[in-house]
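A.B. asks:
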Amino acid sequence: MCAAIDPADYPRHVPPGRYPGWDQALALLNRDLAATLPQVEPLRLLALPPYEEDEPEHVHVAMANGEWHGNNLDAESQDSPAAALASVADAAQETVVELLWRAWPLCPEHGLGMHPAEDAEERLFWWCSGGGPSHFHVPVGALDAL
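Numbers 440 to 585, taken from the numbering used here, label the letters of the sequence shown in order.
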């Protein structure tokens with residue numbers, strides 16, 4: 440049985456540690472954000488109430504001011520670090536792109552927006568499709584290494 444849900448408690452920023460897998464993934468995305476858009480404050484997890492009392496809350500990746508865009512994170516993605524990173528990367532990119540009205544992150548070689556994609560070993564990379572053959576650029580979370 441779940442405790443009664445008070446809609447007045449939502450939306451709310453999710454405290455660190457409530458969703459450790461998503462926290463770790465978001466830390467990597469925030470490294471990429473800081474490396475490419477240093478003027479933008481770090482992204483945060485934001486929770487909305489569930490539709491039904493026995494469901495989990497809906498968690499989104501939001502800008503520091505609480506704005507977000509797109510679907511909530513898949514609750515099952517918390518079960519694996521790779522799935523958590525993929526889910527958070529997709530949500531972070533959608534929030535940044537839609538709210539800032541710009542492609543993010545950009546491939547430094549082609550100036551085109553990159554997207555998260557898995558390589559053959561199921562590692563998540565920023566992938567670029569432009570300028571000839573597509574290519575994996577850097578792992579998600581490693582844009583600061585450029």
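Even for Gly, the Cβ is constructed at its ideal location relative to N, Cα and C.
Note that the structure is a prediction, hence the values are computed from the model and not measured.
By alpha-carbon positions, which one of 543, 521, 551 ends up nearest to residue 469?
C.D. replies: The residue labelled residue 469 in the question sits at position 30 within the sequence shown. Here the closest residue by C-alpha is 543.
A.B. asks: Let me know if residue 558 comes out buried or exposed under the rule of 16 or more other beta-carbons within 10 Å of its beta-carbon.
C.D. replies: Locating residue 558 in the sequence shown gives position 119, where the first residue counts as 1. Exposed: under 16 other Cβ atoms inside 10 Å.
A.B. asks: Quick one, are the C-beta atoms of residue 609 and residue 458 less than 8 Å apart?
C.D. replies: With the chain covering only 440 through 585, there is no way to say anything about residue 609.
A.B. asks: Looking only at DSSP bridge pairs, what is residue 562 linked to?
C.D. replies: In the sequence shown, the residue the question calls residue 562 occupies position 123. Per DSSP, none; premise fails for residue 562.
A.B. asks: I believe residue 486 touches residue 527 by the beta-carbon criterion, under 8 Å. Please report the beta-carbon distance rounded to the nearest angstrom.
C.D. replies: Position 47 of the sequence shown, counted from the first residue, corresponds to residue 486. Position 88 of the sequence shown, counted from the first residue, corresponds to residue 527. Actually they are not in contact, since the Cβ atoms of residue 486 and residue 527 sit about 14 Å apart, beyond 8 Å.
A.B. asks: Straight-line CA distance for residue 578 to residue 494?
C.D. replies: In the sequence shown, the residue the question calls residue 578 occupies position 139. In the sequence shown, the residue the question calls residue 494 occupies position 55. So the two alpha carbons sit approximately 33 Å from each other.
A.B. asks: Are there 16 or more other CB atoms within 10 angstroms of the CB of residue 583, so buried, or fewer, so exposed?
C.D. replies: Against the sequence shown, residue 583 aligns to sequence position 144. The residue in question, residue 583, is exposed, as its Cβ has fewer than 16 Cβ neighbours within 10 Å.
A.B. asks: Counting C-beta neighbours from all protein chains within 10 Å, is the total for residue 499 16 or more, i.e. buried, or is it exposed?
C.D. replies: Sequence index remark: in the sequence shown, residue 499 carries index 60 (1-based). Classification for residue 499: buried.
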